[in-house]
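One structure is given here, and the rest of the page talks about it.
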Amino acid sequence: MKIATWNVNSLKVRLPQVIDWLAATQTDVLCLQETKMEDKVFPYGELAAAGYHAIHNGQKTYNGVAILTRPDIDMPQFDLPAFDDPQKRVIAATVNDVRIVCAYMPNGQAVGSDKYEYKLKWLTALIRWLGEELQRYPRLALLGDFNIAPDDRDVHDPAAWKDQILCSEPERDAFRRMLELGLSDAFRLFDQPEKIFSWWDYRMMGFRRNQGMRIDHILLSAPLAAACTACGVDKAPRKLERPSDHAPVVAELT
DNA sequence: ATGGCTTGAGTGTCAAGA
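As numbered in numbering that gives the first Met the number 0, residues 0 to 253 make up the first sequence, in order.
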């Protein structure tokens with residue numbers, strides 16, 4: 000089973016790219032972030048015509064997450080429980096006996112800002128809930144835009160970004176706490192080339208200069224990590240006209 | 001130099017992203 004995550008930065012703009020990419024890659028499960036639309040305008044019909052079931056947790060303008068699958072979807076869940084939040088950042092479901100959790104984690108804007116405090120509180124709530132979910136669902140995959148670069152290897156210029164947003168120690172500590180639940184970073188299960196990123200700034204020719212960050216991740220519980228045969232970033236969609244600033248991250252499970 | 005693009009809302013120009 001091929002699973003993937005992609006922050007599309009508006010599904011309205013990117014829907015043709017998503018449908019083309021699904022057809023080209025034969026992906027079984029795709030988690031989307033930043034759909035930026037309400038549920039009532041979500042393109043269920045176009046996706047069904049492309050062969051995909053879909054569930055969506057959206058809102059106007061900001062955030063919004065979806066899971067697209069070729070297999071049937073069971074036990075959908077929307078939002079973090081026990082964390083009152085109008086921002087639509089979490090959706091989960093069971094697909095082929097794997098619990099898929101799709102998350103758009105807060106950006107945080109700047110270390111020390113109100114949005115940064117919200118990010119850290121949100122991450123703590125996520126981690127508490129993930130611990131419970133792993134008890135219920137030992138076969139669990141967490142996919143999404145984490146807005147965290149876990150390590151200096153994941154940053155094009157670690158000196159410039161030291162202690163900045165996406166790289167600060169409290170954010171990296173939250174990422175480590177996810178790993179301590181028993182999850183593995185699928186990308187790091189394998190030897191990887193240097194300077195592989197999943198996001199590049201639209202400005203300053205960031206993509207052409209490969210000035211990016213690895214902030215989109217697939218974390219796997221132990222049974223799934225043992226079944227994972229490959230993980231990488233597919234840069235092809237980032238080269239298209241009107242791309243998202245993020246590229247898909249893909250993992251293959253036997 | 002805290003900008004540089006891109007999107008949505010909405011028709012001015014700003015918030016937000018990372």
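Ideal Cβ positions, reconstructed from N, Cα and C, are used throughout, including at glycine.
Secondary structure note for L218: its beta strand (DSSP E) is the uninterrupted segment D215 to L219. S183 is positioned such that its CB atom lies closer than 8 Å to that of A224.
The shortest CA-to-CA distance from M0 to any of Q16, L29 and L10 is the one to L29.
Between I147 and A185, the beta carbon gap of about 15 Å keeps them out of contact (Cβ cut-off 8 Å). P70 and V94 do touch by the CB rule: their CB atoms are close to 5 Å apart, below 8 Å. Across the structure, N209 and R13 are spaced so that their CA atoms are roughly 22 Å apart.
Inter-residue distance for Q163 and A91 is about 30 Å (C-alpha atoms, whole angstroms). Looking at the DSSP output, R98 shares a beta bridge with T93 and L139. A straight-line Cα-Cα distance of about 22 Å links E251 and E132. A3 and E33 have their C-alpha atoms spaced approximately 15 Å apart.
Here T253 is exposed: its Cβ has fewer than 16 other Cβ atoms, across all protein chains shown, within 10 Å. Secondary structure of Q134 (DSSP, three-state): helix.
About 14 Å separates the Cβ atoms of N56 and F82, ruling out a contact at the 8 Å cut-off. Beta-bridge pairing by DSSP links D73 to T93. Apart from the 5 residues on each side of it in sequence, Y51 sits with its Cβ closer than 7 Å to the Cβ of L21, L67, T68 and R69 in its chain, given in chain order. For K1, the uninterrupted beta strand (DSSP E) run begins and ends at K1 to N6, by DSSP.
K234 and W199 have their C-alpha atoms some 11 Å from each other. A Cβ-Cβ distance of about 6 Å is found for the pair Y115 and A109, placing them in contact under the 8 Å criterion.
L67: member of the beta strand (DSSP E) spanning V64 to T68, first to last residue. Straight-line measurement puts the Cα of D144 at about 22 Å from the Cα of M204.
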